[in-house]
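Visitor:
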Amino acid sequence: MPFLTATELQDVLPNPKEIVTLLDRFIIGQESVKKALALMMLRRGLLRLQSEGRIPTYPVFDKSNVMIIGASGTGKTASVRALAKVMDTPIGIYDVTELTASGYVGKDVASLLERYVIQCEDWAEAHPQLFFAGVDEEEPEEYGMPPLDNRYAIIANKVRRTISEGVIYLDEIDKIRKKETRGNDVGGDSVQSELLKILEGCDFELWQETNRKKPTTRANIHTVNTTNISFICGGAFEGLDEIIRHRMKKNTGIGFNNEIVVTNPNDLLKSVTTEDLINYGFRPELLGRVPLRACMQELSVEDLTRIITEPENNLYEQYKLVFKLFDVNFTIEKEAIQYLAEQAVKMKTGARSLKQVFTSLLTDVLYDIYTYVGNDVNIDLQYVKDRV
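Oh and the sequence shown: position 71 is 116 in this note's numbering, straight run, nothing missing.
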């Protein structure tokens, strides 16, 4: 079979620019992170084509696993969720602080992959039109699906492919840094050691622990190969900036009684090196398996103002729907929205603080919602200042 031409590649591979444009609908700013995710998806597509023999198979492409560094509330998990939505693919999102080394109380790496298998099966059953499209049957059912007795065999193969070419987000990755302890570091360095296997790529046996109940799976999957699974590692990395600052002082010869002036903390994090992350407590082998790194920007007042009103499913639209259900025309003046953003910035928890300020703002109005039926509710600047 001849290899795909450049024109044909454009038809089967995602366009990084188009991915970023789609992510813009959900995520304000954070361009470097969106570009890193888009490039990861492009490389993921190339790996698939190599495995199918549709492009040259040598040299073999490496996976472009991604590390996202950013403070809490800057949108790490939101960006990953948005990627799953725009690419219409299941992305497993798991908190690695739950993991411990195999043989200890807690969840191990195998349990993470087991949860991902179940998620992919659930996703496949929720998207039958994607899995059964084009199946030639004499009497197709809804979505062109084959009869029930043939359906499970088809979905099993599709699920296996979805899993083997999937995306997994390891949240709070910074929490498994190596810890100073006299005993075994079962939740830190030991977990890093076990993650090395799946980050690099291997066949992983599932449901081997006798204390874990095997689920009823239609696809009957008991082994996962992680070679082509893309991994995103995200965390706040608190204290990493001080390690970077220390290294920069040492390299530039600036006295340790003098400060390196950095007006934007993100500028410092952008200078992170592998050496800094090793000093932070990460294994060099693990870092070598996560070559792409991107930093989230701290959210400004302007960013939070836009987050309130612009992304799909934003908070403002959510509250407008609540009031609309009660026949109430709900509006917030522009000056009031900016003030809400200013107060949210002071809380230093990023976009998460917006829910708190909106709750403080609208508790009284929602409590009396029945008295406003059929009327207008307009929130002005003074009203916000009195309550937030």
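Here a beta-carbon is modelled for each residue, glycine too, at the ideal position from N, C-alpha and C.
Could you please give the first and the last residue of the uninterrupted alpha helix (DSSP H) stretch that includes Asp-248?
Guide: Not the alpha helix (DSSP H): Asp-248 falls in the beta strand (DSSP E), residues 248-250.
Visitor: When burial is assigned at 16 or more other CB atoms within 10 Å of the CB, is Lys-224 buried or exposed?
Guide: Exposed is the call here.
Visitor: Taking its Cβ as the centre, do 16 or more other Cβ atoms sit within 10 Å of Thr-207, making it buried, or is it exposed?
Guide: Its Cβ being crowded by 16 or more others within 10 Å, Thr-207 is buried.
Visitor: By a C-beta neighbour count over all protein chains shown, 10 Å radius and 16 as the cutoff for buried, is Lys-108 buried or exposed?
Guide: Lys-108 is buried by the Cβ-count criterion.
Visitor: How many Å lie between Tyr-361 and Leu-426 at the Cα?
Guide: One C-alpha to the other measures close to 16 Å.
Visitor: Of the choices Arg-126, Leu-157 and Thr-319, whose alpha-carbon is the least far from that of Leu-337?
Guide: Among Arg-126, Leu-157 and Thr-319, the Cα nearest to that of Leu-337 belongs to Thr-319.
Visitor: Considering only their Cβ atoms, is the gap separating Ala-381 from Leu-349 smaller than 8 Å?
Guide: The answer is no: Cβ separation not under 8 Å.
Visitor: Nearest to Tyr-214 by CA position, among Glu-170, Asn-270, Ile-277 and Leu-244, is which residue?
Guide: Checking every option, the nearest Cα to that of Tyr-214 belongs to Ile-277.
Visitor: Does the beta carbon of Leu-158 fall short of 7 Å from some heavy atom of the ligand ADP?
Guide: The model on display carries no ligand, and the ligand ADP is accordingly not part of it.
Visitor: Contact between the region 415-433 and the region 365-383: three or more CB pairs below 8 Å?
Guide: The answer is yes - the region 365-383 touches the region 415-433, with three or more Cβ pairs under 8 Å.
Visitor: Specify the secondary structure class of Val-317 as computed by DSSP and reduced to three states.
Guide: Note: Val-317 maps to coil in three-state DSSP.
Visitor: Only counting the same chain, and skipping five residues up and downstream in sequence, which positions put a Cβ closer than 7 Å to that of Thr-271?
Guide: Same-chain partners within the cutoff: Ile-243, Gly-246, Cys-247 and Phe-249.
Visitor: What's the call for Thr-145, buried or exposed, on a 16-neighbour Cβ count within 10 Å?
Guide: By the neighbour-count rule (16 or more Cβ atoms within 10 Å), Thr-145 is buried.
Visitor: Pick from Leu-128, Gln-253 and Lys-220: whose alpha carbon is nearest that of Ala-155?
Guide: Cα-wise, what sits closest to Ala-155 is Gln-253.
Visitor: At the level of alpha carbons, what is the spacing between Asp-286 and Gly-280?
Guide: Their Cα atoms are separated by approximately 13 Å.
Visitor: Using the beta-carbon count (16 or more within 10 Å), is Pro-135 buried or exposed?
Guide: Under this definition Pro-135 is a buried residue.
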